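Encoded as structure tokens, the structure appears first; notes follow it.
Protein chains in written order, with this note's numbering: chain A, 0 to 276; chain B, 4 to 78.
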């Protein structure tokens, strides 16, 4: 008889339902007392109503996996290996909050021409290189796959710093490009979007306290909304890459030209006279 | 595998008393949780008991695996 409905499975289910003490949890409690107590405190503080369910799991890894799953539903995502039950001790979850950060590291930026979606490659080409490392050649080559070279050449001398992008584009239908500029310059003001893993580990990683968890939950919601805005814009741009990218470039260049004109007009006025328009 | 077969196999498994369970009582503190000081005091004994429990756990897993295989290949 196959195991799916055999006596072996019935015995297993019966033993599980009795809530017998788990050997691996007992070993963890004794050999890693501090880690176990810290884990209990975290569960109690953040998921009190799930405490019994979490602690009823038969191994420390399964307990952490269940905790991570419930925690993510209510607060913000944790490192995926926790949810997969891939841990060796409670310390992996207790020593600091194992957050997932999405800040743009130099390695991430370098990977844009090869790994990122076409819209984000083109938008990156419109923004000044945050690392000033001269990766423009690979990026330009990647962009040439989607739009005419002549269009890219118009942009090359006009790549935007985040501040300039916000000044030109905030409040317009192209505002997402300004957000992307902040995103790749790690200048969004959001913890999750501005922190890469190197920064996370070199600065103090976040501690498990109520204030931090609440603040990170708010930051996560903002980061999620921010990323959704970008996603929608990527989709819009990819609906007609050459046409819409051209539209975007024209809009930026026109705005910049208007700004230059306005500056010249202001400079040419006699001292003490301001223009009424 | 029939239920009777499984019962016959399990009856042949010798009873085992793991030292870890009796030691666990010794290291519980007043709050009902493990007291690290008591653990430290009984460190050598606990380490041996943990090794014994881990070995037993490994053997049990192997036995369960064998039972599953028997189950899969039995008519």
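Every residue gets a Cβ at the ideal spot worked out from N, C-alpha and C, and that includes glycine.
Remember, predicted model here, so these are calculated numbers, not experimental data.
Asked, Found
"Residue 276 (chain A) versus residue 218 (chain A) - alpha carbon distance", "Caution is warranted here: a pLDDT of 48 is assigned to residue 276 (chain A), below 50, making its placement in the model unreliable, and no coordinate value can be reported."
"Proximity test, Cβ basis, 8 angstroms: residue 29 (chain B) and chain A", "no"
"Residues of its chain near residue 55 (chain A), where Cβ-Cβ distance is below 8 angstroms and the 5 sequence neighbours each way are ignored", "18"
"Classification of residue 183 (chain A) by the beta-carbon crowding that lies within 10 angstroms, buried from 16 upward", "buried"
"Residue 168 (chain A) and residue 122 (chain A) closer than 8 angstroms at C-beta", "no"
"Classification of residue 112 (chain A) by the beta-carbon crowding that lies within 10 angstroms, buried from 16 upward", "buried"
"C-alpha distance - residue 21 (chain A) paired with residue 63 (chain A), whole-angstrom precision", "15 angstroms"
"Residues of its chain near residue 33 (chain A), where Cβ-Cβ distance is below 6 angstroms and the 5 sequence neighbours each way are ignored", "none"
"Within chain B, the residues that residue 25 (chain A) reaches when beta carbons sit closer than 7 angstroms", "23 and 27"
"Spatially closest choice to residue 74 (chain A) from A:98, A:60 and A:52, by CA coordinates", "A:98"
"At least 3 beta-carbon pairs within less than 8 angstroms: the region 84-104 of chain A vs the region 195-210 of chain A", "yes"
"Within-8 angstroms CB hit, residue 16 (chain B) to chain A", "no"
"Cβ-Cβ separation, residue 202 (chain A) to residue 161 (chain A) (assumed contact under 8 angstroms), whole Å", "Going by Cβ atoms, the distance from residue 161 (chain A) to residue 202 (chain A) rounds to 22 angstroms, so no, they are not a contact pair."
"Burial state of residue 4 (chain B) (16 or more Cβ within 10 Å)", "buried"
"According to DSSP, residues forming a beta bridge with residue 159 (chain A)", "A:126"
"The ligand ATP heavy atom lying under 7 angstroms from the CB of residue 43 (chain B)", "No copy of the ligand ATP occurs in the structure displayed, which carries no ligand at all."
"Delimiting residues of the alpha helix (DSSP H) encompassing residue 12 (chain A)", "6-16"
"Identity of the residues DSSP links to residue 77 (chain A) by a beta bridge", "A:98"
"Contacting residues, own chain, Cβ-Cβ under 6 angstroms from residue 0 (chain A) (five flanking each side not counted)", "In this predicted model, residue 0 (chain A) has a pLDDT of only 43, less than 50, meaning its place in the structure is not dependable; the value taken from the coordinates is given anyway. Around residue 0 (chain A): no qualifying Cβ."
"7 angstroms Cβ shell around residue 209 (chain A) - same chain, five flanking residues per side excluded", "44"
"Residues, ordered as in the chain, of the region 35-49 of chain A that lie near chain B by beta-carbon distance below 9 angstroms", "35, 36 and 39"
"Beta-ladder partner(s) of residue 37 (chain B), from DSSP", "B:31"
"Check whether residue 86 (chain A) and residue 60 (chain A) have beta carbons under 8 angstroms apart", "yes"
"Pair within 8 angstroms by beta-carbon distance, residue 189 (chain A) and residue 221 (chain A)", "yes"
"Contact list for residue 84 (chain A) against chain B, beta-carbon separation under 7 angstroms", "In chain order: nothing, as chain B lies at least about 16 angstroms away."
"Counted within 10 angstroms of its Cβ, other Cβ atoms place residue 13 (chain B) as buried (16 or more) or exposed", "exposed"
"N-terminal and C-terminal residue of the alpha helix (DSSP H) that residue 54 (chain B) is part of", "46-76"
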